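As structure tokens, the structure follows; a few thoughts come after it.
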Amino acid sequence: MGCAVSAASGTKPEIYKQIAETYGEGAISRSRVYQWCTWFGEGRTSLGDEPKSGRPKTSTNEENTTRVDELIDGQCINAAQYCSTLDRLKEAIRRKRPGLFRKGVVLQHDNATPHSANLTQQWLQRYGWEIVPHPAHSPDLAPSDFHLFGPLKRYLRGMAFETEDDLISELRNWFDNLDVDFFRVGINSLLSRWQKCTDLHRDYVEK
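The numbering of the sequence shown is my numbering, which starts it at -10 and goes up by one.
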């Protein structure tokens, strides 16, 4: 499954966090939620288990699966939608950073189904974009997680919004006022984190 970008809402960790906050940490395992998200990315439309003998697992009851349906609905994307997002990104880079566009684009994403699909691979080869591999479920190596979300959460803390459009407007205002150095620091931090991860033999990088 791929959910709108490494920096967008609806990622597997975010969906798991919402479920844990709603039902408690022990209600459903992280791996189970990730598995469900993968099923949706592969085109499955139901989270119910296939019929089997024995006692059903309490974590996979109707209430919980309905909740996950609601969280994932409308957020999961397939390869065609992902390529459409890349098309928009390409045009935005061409318009805003023509020099960078000519030098070549480096894109970070993991091996989620829409990212590794043949359609996506053909798109990347067509435009010559270089991929920085990203280990699945590694927020410590995702600038959106270790650099962006913290300041964004602090900015939004205490705010209330009447509509989704109000929230989107406030988010755009926040992003528009960020200095370019904010993003530079996040990207540069990724380099040092990759090195630490290598030094730790791929162990988790806290800072």
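Yeah, the Cβ is synthetic: ideal placement off N, Cα and C, and Gly gets one too. If you're wondering where the values come from, they're calculated on a predicted model, not measured in any experiment.
- The beta carbon of GLY93 sits closer than 8 Å to the beta carbons of GLY117, TRP118 and GLU119 from its chain, once the five residues preceding and following it are set aside; these are given in chain order.
- The bridge partners DSSP lists for PRO122 are HIS98.
- Secondary structure note for GLU153: its alpha helix (DSSP H) is the uninterrupted segment 153 to 165.
- Around the Cβ of ARG146, a 10 Å sphere holds fewer than 16 other Cβ atoms; the residue is exposed.
- If you draw a 10 Å sphere on the C-beta of PHE150, you find fewer than 16 other C-beta atoms in it, and that means exposed.
- Put simply, the region 72 to 82 does not touch the region 121 to 130. Fewer than three CB pairs are less than 8 Å apart.
- Here DSSP, grouped into helix, strand and coil, assigns ARG86 to coil.
- For SER158, there are no CB contacts under 7 Å within the same chain when 5 residues up- and downstream are skipped.
- One Cα belongs to LYS85, the other to MET148, and the distance between them is close to 31 Å.
- GLY175 and PRO132 have their C-alpha atoms roughly 6 Å apart.
- Around the beta carbon of ARG182, 16 or more other beta carbons sit within 10 angstroms, so the residue counts as buried.
- Relative to the Cα of LEU137, the nearest Cα in the group ASP168, GLN114 and TRP112 belongs to ASP168.
- Note that the C-beta distance between PHE171 and PRO140 is below 9 Å.
- Here the C-alpha atom of ARG21 lies approximately 43 Å from the C-alpha atom of PRO87.
- At least 9 Å separates the beta-carbon of LEU108 from that of LEU96.
- Excluding sequence positions up to five before and after ASN67, its CB lies within less than 6 Å of the CB of PRO103, all in the same chain and listed in chain order.
- Counting the other CB atoms within 10 Å of its CB gives THR187 a total below 16, which places it among the exposed residues.
- Straight through space, the alpha carbons of ASP154 and LYS185 are spaced by roughly 40 Å.
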